[in-house]
Every structure is written in structure tokens, then in C-alpha cells.
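Start counting the sequence shown at 1; every next residue gets the next number (my numbering). For every residue, glycine included, the Cβ atom is placed at its ideal position computed from N, Cα and C. Please read the structure below before turning to the comments.
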Amino acid sequence: MGALLPPPRDRFAARVRSIDAPTAARMHGRSWRDHPRCPPHAALALVEASHLTLEGGAATGELVVAQAIAGRVVTLLARLHAIGFPIASMRLVDDHDADDDRSMAAGNSSAFNFRTIAGTDLLSQHAFGLAIDLNPVQNPMIWPGGGRYVPAEAAPYVDRRTLRPGMIVRPGPVTAILDEQGWEWGGDWRHVADLHHVVWSR
1 MGALLPPPRD
11 RFAARVRSID
21 APTAARMHGR
31 SWRDHPRCPP
41 HAALALVEAS
51 HLTLEGGAAT
61 GELVVAQAIA
71 GRVVTLLARL
81 HAIGFPIASM
91 RLVDDHDADD
101 DRSMAAGNSS
111 AFNFRTIAGT
121 DLLSQHAFGL
131 AIDLNPVQNP
141 MIWPGGGRYV
151 PAEAAPYVDR
161 RTLRPGMIVR
171 PGPVTAILDE
181 QGWEWGGDWR
191 HVADLHHVVW
201 SR
């Protein structure tokens, strides 16, 4: 099949594909590692989907997620599109050499990345394709007190009192969708507000 072209702004389109040889080559040694706990390619899926942009246009992006939740991811993206929620960028983290800090700094929304939780030896839910980071610049990770946050590019968005395009807040339409569909939102965590992080929890 040919490339999925951006549809008109008011129309959502998506497809789910297996991890083919070219995609596997993009991921190998980056987001995908030769490790006994790394999911096999057959357990992952490539989701290609249209999304609205911060500039008011339409684009097509891609996420690698667990094959078991690929349909759930499409449903989530369709709902976000329907309410007009824009996504700054949606590219494989491999386009940033699977460097989470670089991907966040670029405002990139991504999913699968076989890595540990920062500062620990524990595997992240991203390592299994069960978590998505949405607009990390507009939705930073903020530690209690607000003096520490990542990425640095998110400084204008640390103050959450004024809602701007691409932000996720509670109460709000995005968190209502996440609750309805069974996604856990990192913004609800007490030890740190991981505002861009959503995890499939059912």
C-alpha cells in the first residue's frame, strides 16, 4: 500500500500495520533492542494516523504500540481528533535516535521505546508499547513545587492555569476521554505530575 496521505482537516484516517522489514530496520538498535524482555516484532504494531497540528493544519503521524492495544490507540486518536486536540509531532522515537530527552525537547509524541524509567532499573511501560507521551512540551513532567520539570522547552507551560492548544488538564475534555476509555494519566500521580504520559490500564 502507498503512503497514508493527510486527509482534509475535518476527517480522521488511520491504519494499523505489522512491523515490516523497513520499520524494523529503523527501530533496530534504537527503540528495539536484542534483549530477552524486548517484545518481538510480532507483538508490536505500527499505527499510522492523521492528526491536527498546532498550526491549525492536518498531518499524518506514526506510533509503534503493543499489537494488543493498537485498536484502542486508534480509537483514542480518533476521539482526540474529533474534539480538535492538536498534536505537535507524532514520529517514531527512532527519528530522535530513541533518545527520550531529544524526542521530548522536539515536542514529539511517541510510544514504544525499550527503555527503563529514568533514574531506575525498572522497565518503563513504553518498553512494552503500552504508554504514549502526548505533546511533552505542552505537557511537561513537573515535580512537586514546580521548580523542576522536563523538557526545558516546556517552561511556558509549567503554569497550568491558562489552557492553550495541546495541553492536557483535569478537568478537561482530554482527561474525560482518557477516563472513559480506560487510560491512566500520569498527571494524576502524586510523586510527579507526568502530564504527557498516558498508559493503557485495563
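Item                                                                                              : Value
Buried versus exposed, by CB contacts within 10 Å (16 or more), A176                              : exposed
Cβ shell of A98 (< 6 Å), same chain only, five flanking positions each side left out              : R30, S31, N113
Endpoints, the alpha helix (DSSP H) within which T162 is located                                  : No alpha helix (DSSP H) contains T162, which DSSP labels as neither H nor E.
Three-state class that DSSP yields for T60 in the structure shown                                 : strand
S89 - partner residues in DSSP beta bridges                                                       : N108
Neighbourhood of F12 by C-beta, 8 Å cutoff - its chain only, sequence neighbours within 5 removed : A49, S50, L77, A78, H81, A82
Spatially closest choice to Q67 from P40, G56, R91, V93, by CA coordinates                        : P40
G186 vs L178 beta-carbon contact at 8 Å                                                           : no
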